[in-house]
Amino acid sequence: MAQSIIGRAAPDMELEVAVAGGGSEQSSLLARRLPGQAMVVDFFAPWCKACPKAGQKLDQLALQYGDRCQFVLVCVDGGVDEARAFAEEHGITRCKVASVVDEDAPEIYSVSGLPHHVLIAPDGTVARNYEVNLPEDLEQVLKGGEAVDILSTSSIPFGCSRISAQYKELEKQDPLLKENPRRWVMFPLQYPEVWEMYKKHEASFWTAEEIDLASDNKDWDTLSADEQHFVKHILAFFAASDGIVLANLAGQFSTEVQIPEARAFYGFQMAMENIHSETYSLLIEQYVKDPEERDHVFNAINTMPAVMEKAAWAIQWMNRGASFAERIVAFAAVEGVLFSGSFCAIYWLKKRGLMPGLTFSNELISRDEGLHAEFACLLYSMLENKLPEDVVHDLIRGAVDVERKFICEALSCDLIGMNSGLMTKYIEFVADRLLTALGHSKIYHASNPFDWMELISLQGKTNFFEKRVGEYQKAGVMTSAADQEESRGFSLDVDF
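Quick note: the sequence shown uses the UniProt record's numbering, first residue 1, plus one each step.
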């Protein structure tokens, strides 16, 4: 992730700026900004489905704020003629229109998804990057408000805590993490309890082709606009989050952990995360028919602020400046807390007898994510240096706060007839269960307000922290694992 530029002097870049009469001139971005005025920069491409609407919104804002702020549309894929044609086609007349001279220049603002907005304050510093809520953020900087970075809004500093450096040193000698010359060969097993988790996951294999969506369209058409909006945002977050989890596994955990049994689990988890991602993508394609809206949902990590904040909380814990112990607890929270409200909301639809394809896939995926959280708890329990109680509590509080804001405020489960207060209590209940599984004390001491969640959860799937596999296990896989371990004096029937 690029280093944050929030609060720093805005980087400059050379532009080819369209001028009246069909010509153009070269000028730097910041040369277009008048002293004492703010600037909103909209990086776009002519092919981007969401960019016309974003540009038109800026054009309307230019009518209201044009005396205090410049609005600049910068084309990142095409020259100034393409930029001018884009503006003319979509009726954009008040914004300055330009193209980049150096195609790599937008990287200084970490431009990846489009449209990408940057808000520059009147003092020339970057007030907002990656996503700008207009006109609210503009009003704030015009009134002298402080810069806000969406990647540092969590209650935890960016991927680190007061003990990160100390624990990173301690972990250099941890048996799970230190160089292991035997990591290339699986047998003889050194950690049978980790191997059992791998075999449990292997026994739970499924594919996207097993999901029957034939009846979902009829139910989808009966949902209200609010209910459809809610489901789209849930799927948008899930689709983005699986990519984050995959990146963390492939780039970090699977290379850091040195025991082959754990690497086997991570390898299988990555395969299943790909299947989850495929499933969510198929669900989005099934329900969202409008191509422009579908593109918006697929790009939710850049286009939906509610999704973006949850994603940012997870991404910060991919920072290796934090200890492994902190990061494994954080990703247990991602899969055990940040998914909890969304899983619960979809189970609510199941309780109402709606969307059988969606709800069945939710059962399978929530079972898998519960297993992933359980595995994280197991590895954490094996670390020689457990985190201080207050550090774990702060981390879990951060996850609960992000999930509560997402499901109870930004999106609001009221849209599908669920009580926000009870949903908050449920998220706290799940967080307490995760803390118990990690070997730490509860924070909230909350009871489960949704009895039906327990009933559904126990019908045909593995409960989040239950130590057995349900009816979807592949025949013979766990039996063979049990036979292997029986010869080593280890029983799969014993809770560990």
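Positions of the beta carbon are idealized from the N, C-alpha and C atoms, including for glycine.
For residue j and residue i, believed in contact at Cβ under 8 Å, the rounded distance
i           : j    : result
A121        : A38  : 6 Å
F331        : W317 : 7 Å
residue 501 : A239 : Because the chain here runs from 1 to 496, residue 501 falls outside it and cannot be looked at.
A322        : S164 : 5 Å
S280        : L249 : Per the sequence shown, residue 280 should be read as Tyr rather than Ser. Y280 to L249, Cβ: 17 Å. No contact.
N180        : I5   : Not a contact, Cβ separation roughly 40 Å.
I396        : A431 : 5 Å
Y167        : A325 : 6 Å
F86         : V40  : That belief does not hold up - the Cβ atoms of F86 and V40 are roughly 17 Å apart, past 8 Å.
D242        : S215 : In fact, because the Cβ distance is near 25 Å, the residues do not count as touching under 8 Å.
L434        : V194 : Not really, about 19 Å apart at Cβ, beyond 8 Å.
Helix, strand or coil at residue i according to DSSP, with G and I counted as helix
i           : result
E131        : coil
E179        : coil
G460        : Any reading at G460 needs caution, since the residue's pLDDT is 42, under 50, leaving its predicted position unreliable; the model's value is listed next. Three-state DSSP puts G460 in coil, outside helix and strand.
E146        : Caution is warranted here: a pLDDT of 47 is assigned to E146, below 50, making its placement in the model unreliable, and no coordinate value can be reported.
A50         : coil
V101        : coil
S384        : Contrary to the premise, residue 384 reads as Glu rather than Ser in this sequence. Coil, per DSSP.
E16         : strand
H445        : coil
M355        : coil
I275        : helix
residue 501 : Summary: the structure shown does not reach residue 501, with the chain confined to residues 1 through 496, and so no result is reported for it.
D290        : coil
D42         : strand
V337        : coil
V329        : helix
V80         : helix
T153        : Its pLDDT being 36, under 50, T153 is placed unreliably in this model, and the coordinates cannot settle the point.
R468        : Any answer about R468 is weak, because its pLDDT of 33 lies below 50 and its placement is not dependable; what the coordinates show is given next. DSSP places R468 in coil when its eight states are reduced to three.
V111        : coil
V307        : helix
D495        : Per-residue confidence for D495 stands at a pLDDT of 41, beneath the threshold of 50, marking its modelled position as unreliable; the derived number appears in the next sentence. Coil, per DSSP.
V185        : coil
Terminal residues of the alpha helix (DSSP H) in which residue i lies
i           : result
A437        : 420-438
S441        : Note, S441: premise wrong, no alpha helix (DSSP H); not H, not E.
H393        : 389-404
C95         : No alpha helix (DSSP H) holds C95; DSSP gives it neither H nor E.
W195        : 192-203
residue 497 : Examination of residue 497 is not possible in this model, given that the chain is present from 1 through 496 alone.
I301        : 300-303
E107        : Run containing E107: none; DSSP gives neither H nor E here.
T222        : 216-222
K168        : 164-170
Proximity of residue i and residue j at Cβ, strictly below 8 Å
i           : j    : result
G353        : D212 : no
L34         : D12  : no
M418        : A345 : yes
residue 500 : V307 : Nothing about residue 500 can be reported from this structure: the residues present for the chain run from 1 to 496 only.
I108        : R183 : no
V402        : E428 : no
C95         : A127 : no
H116        : F43  : yes
Q56         : I92  : yes
K310        : F237 : yes
C75         : A45  : yes
H372        : Q269 : yes
M197        : F339 : no
residue 499 : L114 : Residue 499 cannot be examined here, being either before or after the span of the chain that is shown, 1 to 496.
L119        : L142 : no
F450        : Y426 : yes
E171        : N385 : yes
L246        : E273 : yes
Residue span of the beta strand (DSSP E) that contains residue i, given as start and end
i    : result
E210 : Neither: E210 is in no beta strand (DSSP E) and is coded neither H nor E.
I5   : Run containing I5: none; DSSP gives neither H nor E here.
Q70  : 69-75
E25  : 24-28
L119 : 116-120
V257 : Element bounds for V257: n/a, residue is neither H nor E.
C-beta neighbour in chain C for residue i, strict 8 Å
i    : result
L246 : Here there is only one protein chain, and chain C is not present.
Problem set entry | Segment contact, 8 Å Cβ cut-off, at least three pairs: the segment 14-29 with the segment 87-102 | yes
Exercise. Are there three or more Cβ pairs, one per stretch, closer than 8 Å when the segment 332-346 is compared with the segment 260-274?
Worked result: In this structure the segment 332-346 does not touch the segment 260-274; the number of beta carbon pairs closer than 8 Å is below three.
Problem set entry | Contact between the segment 374-391 and the segment 285-303 (3+ Cβ pairs under 8 Å) | no
Exercise. Are the segment 297-311 and the segment 359-370 touching, with three or more C-beta to C-beta distances below 8 Å?
Worked result: no
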